[in-house]
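Here the protein sequences line up with chains A and B, keeping their order. Each number in my numbering comes from the position in the first sequence (counting from 1) with 6 added on. Each number in my numbering comes from the position in the second sequence (counting from 1) with 1369 added on. Quick reminder that beta carbons are idealized off the backbone N, C-alpha and C, glycines included. Structure record follows, encoded as structure tokens.
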Amino acid sequence: MAAVQAKALTYSYPGGTRPSIRDVSLSIERGEFVILTGPSGCGKTTICRCFNGLIPNFYTGELKGELRVAGLNVSEHPIYEMAKRVGLVFQNPENQLFALSVEKDVAFGLENLGMPRDQIRERVDQALKITGIEELRERAPHELSGGQQQRVAIASVLAMQPEIMIFDEPTSFLDPVGAQRIFEVINDLNKKLGITVILVEHRLDLASRYADHVIIMDAGQIILDGEPREVFNSETARLLGVGIPKAVNLWRLLQENGLVLEGMPVSSEEATRFLREVLKR
Amino acid sequence: MIEVKDVRFTYPTGVEALSGVSLTIEEGEFVAIMGQNGAGKTTLVKHFNGLLKPTKGTVLVDGVSTRDVSVAKLARTVGFVFQNPDHQLFCETVWEEIAFALRNFGFEEAIIEKRVDWALNLLDLIEYRQTSPFMLSGGERKRVALASVLAWDPKVVILDEPTIGQDHRQKENLRQFIVQLNGQGKTVVVVTHDVEFVAECHPRVVLMSAGKIVADGEAKKILTDTTLTSMASIVPPQITQIFLGLNDLGFPSDVIDVSEAKRVLFDYLVRSGR
């Protein structure tokens, strides 16, 4: 069964001059790791807000078409019901954190669900551990650095143990090592716990190795949708100015200059391996 | 242009964010300050426009100590674009946002109009002139914040994490734009984690860790030194990673961008007779 199924979805914000997403149809299977990318302002964040029901339940405006997420029609279910199934980590952690301690922020969603105290404790501990912020437990989120705040935001969503997790550029504020660690955490959630991951990301150099499905949007529409190698290799992706991994760019440049190369590396390890084979020939 | 002399800074909470930093940035330089979260990068650059004053040591801007001038006055020389645009934006329209500082600096209305339009054009924001900044995407808001600072034409431009939320094309625009600003003689200081961006810009890189400067030099040298990069929690550029894996075949390990990588590979193939 599909985790997300959208048919001809169109949405305009109230007062918006044009639809932010237009006639979007897509299907995301359970357990997939999907990267959603595209130029700034292309509608990525808007479609994420549809996936967890913020649109149309919080943002008004006109939503047309059909959207089922985790088996539910988002127009018919309130946000709190969607939130149990679909977690969203915002682009800017400051928009998400508000409690006086990290621990309280992470526990907040669970308390709202009326979960027993022991269970809350267990889930909070686990979420803090996975995101590597156990030692920040007592600290106030607003005093933390941008990167630390983003981890708290991720932990608070993790604690809800949703079926689907949406990450809206979750590593923007992190240093590259921190970013890589977060991508690995997200990858673990996907591969070990089977959580469907939808990752909105520009930094494809770091993220693309984990994905099994890439969707590229532009001007509110889906332009490309498929397997990472195919998508990154397409002329359309290049013309759109999507942040194609450097390994892919190098490969293409070598091909254009007459070097006959097979395959298409999406990570540096793969590129090194492929190049060694070529150089040995 | 900016002279930092043995600066220490302790936040009121008691956390020492800078533990003895000395750094000189000449007029017209392009410097990238890199390092892990919490290394003190933002704290350091906030000293450049007097937002923070050193607990110990001195910071001179154009020969004048930042202790002796107001932030408002310094701002005319040193423009600061914040990491989070929401800390900077508050007006009802993008146009008003950009005009705000110009009004504060006492520019005439006719000049304000010219400058705002110039900045909107420069950052591809013309279609949003009457839009509320809060209706825009994160990446677009970031450009509004940048436009609002460039509009008053400061001599030094500090950009705190300018590539966050920017797509590839905008990053490329930003890169060309910074190179252009720098070419016009402006001093540009960029605080960033974005190694791929720095790899394409080739600036002077100042690497920070735990409140100190741990390395200072050419991007090509610093980004390919894995001891330094791991100390600063950054990952070498993807191209460097590829070449590090080919080291035993006699390839150089200080390759940071795609076109150089191509050249090196073809040279190798030609030399080996293929």
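His1571 (chain B) at chain A interface by Cβ criterion, 8 Å: no
With a cut-off of 8 Å, does the C-beta of Ile1582 (chain B) fall near any C-beta of chain A? no
Nearest by alpha-carbon distance to Phe1320 (chain B): which of B:Asp1522, B:Leu1489, B:Ser1501 is it? Only positions 1370 to 1643 of chain B appear in this structure, which leaves residue 1320 (chain B) out of reach.
Quick check: what's the CA-CA separation for Asp181 (chain A) versus Gly1404 (chain B)?
7 Å
Residues of the segment 203 to 218 of chain A with a CB closer than 9 Å to any CB of chain B: list them in chain order, please.
His208, Arg209, Leu210, Asp211, Leu212
Sequence-distant residues of its chain with Cβ nearer than 6 Å to Pro1502 (chain B) (five each side left out):
Leu1458, Val1463, Glu1466, Arg1510, Val1513
- Item | Among A:Phe104, A:Arg55, A:Met166, nearest to Leu134 (chain A) - alpha-carbon criterion | A:Met166
Does the segment 152 to 159 of chain A come close enough to the segment 90 to 104 of chain A that 3 or more CB-CB pairs lie under 8 Å?
yes
Is there a C-beta anywhere in chain A that falls below 8 Å from the one on Gln1405 (chain B)?
yes
Residue from A:Pro62, A:Ser33, A:Pro45 whose Cα sits closest to the Cα of Pro20 (chain A):
A:Pro62
- Query: Mapping DSSP to helix, strand and coil, what is Asp231 (chain A)?
  - Reply: strand
- Query: Taking just the CA atoms, how far does Thr1424 (chain B) sit from Thr1382 (chain B)?
  - Reply: 13 Å
Give the straight-line distance between the Cα atoms of Arg282 (chain A) and Phe1417 (chain B), rounded to the nearest whole angstrom. 47 Å
Item to check | Chain-ordered chain A contacts of Gln1539 (chain B) [CB-CB under 7 Å] | outcome: Ser46
Mind checking Pro122 (chain A): buried by the 16 CB within 10 Å criterion, or exposed?
exposed
Please state whether the Cβ-Cβ distance between Ile34 (chain A) and Ile222 (chain A) is less than 8 Å. no
Below 8 Å on C-beta distance, what does Val183 (chain A) contact in chain B?
Gln1405, Ser1599, Ser1602, Ile1603, Val1604
query = On the three-state DSSP scale, how would you describe Thr16 (chain A)?
reply = strand
key: Per-residue contacts from Thr51 (chain A) into chain B (C-beta, under 8 Å)   = Ser1506, Gly1507
Self-check item: N- and C-terminal bounds of the alpha helix (DSSP H) containing Thr1596 (chain B)
Solution: 1595 to 1600
ask   = Just curious, the beta strand (DSSP E) that Asp1585 (chain B) is in, first and last residue?
value = 1581 to 1587
query: Helix or strand or just coil, what does DSSP make of Thr1427 (chain B)?
result: strand
Opening and closing residue of the beta strand (DSSP E) in which Ala217 (chain A) lies
Here Ala217 (chain A) belongs to no beta strand (DSSP E), and DSSP marks it neither H nor E.
Reduced DSSP secondary structure (H/G/I, E/B, other) of Gly93 (chain A)
strand
- Just the Cα atoms here: how many angstroms apart are Gln1452 (chain B) and Ala89 (chain A)? 29 Å
Q: Evaluate Arg1484 (chain B) with the Cβ neighbour count: other Cβ atoms within 10 Å of its Cβ, from every protein chain shown; 16 or more gives buried, anything less gives exposed.
A: buried
Checklist entry - What does Arg282 (chain A) touch in chain B if you count any residue whose Cβ is under 9 Å from its own? => result Gly1614, Leu1615, Leu1618
Considering Cα atoms alone, identify which of B:Glu1482, B:Ala1516, B:Met1504, B:Tyr1637 is closest to Leu1494 (chain B). B:Ala1516
Cβ of Met7 (chain A) within 8 Å of Cβ of Gly59 (chain A)? no
Q. Within this structure, are the beta carbons of Ile136 (chain A) and Val191 (chain A) separated by less than 8 Å?
A. yes
* Is there a Cβ from chain A that is less than 8 Å from the Cβ of Ile1533 (chain B)? -> yes
Handout entry: Own chain, CB closer than 8 Å to Leu212 (chain A), minus 5 neighbours either side, in chain order
Key = Thr177, Pro182, Ala185, Gln186, Phe189
Next item on the list: Out of B:Ala1408, B:Val1567, B:Thr1593, B:Leu1492, point me to the one whose CA is closest to Val1384 (chain B)'s CA.
Entry: B:Ala1408
* Per-residue burial, Phe1474 (chain B) [other beta carbons within 10 Å of its own, 16 or more giving buried] -> exposed
(request) Classify Leu1528 (chain B) as buried or exposed, calling it buried when 16 or more other Cβ atoms lie within 10 Å of its own Cβ. (result) buried
Distance, His148 (chain A) Cα to Phe1449 (chain B) Cα: 22 Å
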